[in-house]
Each structure stands twice: as structure tokens, then as C-alpha cells.
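Numbering (the working numbering), first residue to last: 66 to 225.
Backbone N, C-alpha and C define an ideal beta-carbon position, used for all residues, glycine too.
All figures in this text were calculated on a predicted structure; none of them were measured in a lab.
Input: a single structure, listed below in C-alpha cells.
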Amino acid sequence: MQRFLLVIIVSSFIFGFSRMAEAVGVAVKPKEINLAVAAGEKAKTEFLVINSTGEPAIYQVILDGQNSAIKIQPSEFLLASGQSQIIKIVARFFWPKNYSGLISVIARPPGASGLITGSGVKLPIRIEVYGRPWILLSVSIIFCCLLIVFVVFLKKKVRF
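Structure, rendered in C-alpha cells:
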């Protein structure tokens with residue numbers, strides 16, 4: 066009798082929670098993003114997110130890490146079965162360096178409750194920033210010129 070009760074309890078948990086675990090599919094093109102841009106210039110690119118399942122899904126596009134120089138639009142959207150969405154990326158860096166990171170594209174079913182399993186893709190992004198940071202260089206030159214004018218002005222004032 067105890068075995069029978071145990072089987073009923075376990076099976077009720079399995080069947081009761083089995084409808085709450087859902088997952089959807091996601092596809093991304095291209096498989097990686099490589100950009101080269103001059104320091105201080107904006108780098109712009111796009112990639113495509115495709116709903117590869119027969120069900121609608123809510124997609125989130127998140128940059129892993131805390132790099133505020135990279136902007137992603139839109140960051141959350143709904144796609145029906147077989148639809149796709151173009152995601153725009155804009156980045157602006159002022160120092161020559163190689164930046165790399167990952168963009169997470171996560172899909173989850175809309176209106177799901179309970180245990181939600183979201184599928185996702187990690188999209189590598191590499192940005193090579195080359196050249197001299199002309200904006201910072203020009204500000205430095207202007208600051209030095211103003212400093213020289215100020216010193217000359219002080220020397221003239223001290224003579225009188």
C-alpha cells in the first residue's frame with residue numbers, strides 16, 4: 066500500500082510539473098561579429114535573430130559584461146514562428162585597443178509560468194580600435210596652449 070501511494074505521489078508531481086518546463090529555439094546570423102574602427106569613430110553593424118521553432122517566443126539580447134560603449138537595439142522583442150528581427154549594434158571607443166566580449170540572445174516562451182527553460186546563443190563580438198585618439202589629443206593641445214597663455218599673462222602682471 067505504501068508503494069502504491071508513493072507511486073501516485075511521484076507520478077502526480079511528474080505530470081503536474083511537466084507542463085511548466087518549456088523551451089523555445091533561437092538562431093543567429095552571422096556566427097560572430099568582427100569590426101575595425103578608428104578611435105573616436107562609431108562602429109555600426111547588424112545581426113539577425115530567427116525564431117526557429119513553431120511557437121512564438123520573447124527574445125532578450127544582452128551584452129555580457131559591463132561595457133557601456135556598446136549599445137544594442139532592440140534589447141527585447143516578440144517573434145512569431147519563423148519570423149526574424151534585425152538587431153543593431155553601435156559602439157564607440159576612444160582608445161586604441163582590442164575589445165572582445167559575448168552577446169547573449171535568450172529565447173523564452175511568452176506567458177509561461179512555473180519553471181521556464183530559456184534557450185540561448187552566445188555571439189562573440191570583437192572590435193579592433195586603431196589609430197590615435199584625436200579628440201583627446203586635440204583637447205590636450207588646447208589645454209597646453211591655454212596654460213602657456215595663462216603663464217605669460219601672470220609673468221606680465223608680476224613685472225608691473
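Counting along the chain, the unbroken beta strand (DSSP E) around proline 189 starts and ends at 184-195. About 5 angstroms separates the beta carbons of valine 194 and proline 161, which is inside the 8 angstroms limit, making them a contact pair.
In the structure shown, the three-state DSSP call for lysine 96 is coil. If you draw a straight line from the Cα of serine 184 to the Cα of proline 174, it is about 10 angstroms long. Here the alpha carbons of glycine 179 and lysine 107 stand approximately 42 angstroms from one another. In the structure shown, the three-state DSSP call for serine 133 is coil.
When DSSP states are grouped into helix, strand and coil, valine 223 belongs to the helix group.
The region 144-158 and the region 208-222 do not touch, with fewer than three beta-carbon pairs separated by less than 8 angstroms.
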